[in-house]
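Plus 115 on top of the position in the sequence shown (first one is 1) and you've got our numbering. The C-beta atom is built at its ideal place from N, Cα and C for all residues, glycine as well.
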Amino acid sequence: MLERHLQVLRMVIESEPIGIVKMSNETGYPHHKVRYSLRVLEEENLIEPSSQGAITTEQTAEFVDELDEKLDQIVDKLDEMKIEETVEVEN
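What follows is the structure, given as structure tokens:
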């Protein structure tokens, strides 16, 4: 679900204003799922409706920057946790 919300947000950012039908056709998600993602994003003030379709808000860019930063930190942490070499067990 989170992936869908982020995909819908990405489409709004890249193609605003954009409507439910176009998003549904391009993503393959049913209209009701796109509508739900739009509602969640609107409740978080990341998008807002317009007569032509969904558009971004003033908070969108800041949210995306913070999200990207947090994801980079998670990726770095996961890289640190990798075991690079196979440890041989000595009998």
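Could you check how far apart the C-beta atoms of Val127 and Ile162 are, in whole angstroms? I think they sit under 8 angstroms.
5 angstroms
With Ile135 and Val149 assumed to form a contact (beta carbons below 8 angstroms), what rounded beta-carbon distance in angstroms separates them?
Yes, they are in contact, since the Cβ atoms of Ile135 and Val149 sit about 5 angstroms apart, within 8 angstroms.
Do you know whose CA, among Ala169, Tyr144, His120, lies nearest Pro132's CA?
Residue Ala169 holds the alpha-carbon nearest to the alpha-carbon of Pro132 among Ala169, Tyr144, His120.
Measuring only the C-alpha atoms, how far is Ser165 from His146?
Straight through space, the alpha carbons of His146 and Ser165 are spaced by roughly 18 angstroms.
For the candidate residues Glu199, Phe178, Asp194, whose alpha-carbon lies nearest to that of Leu121?
Phe178
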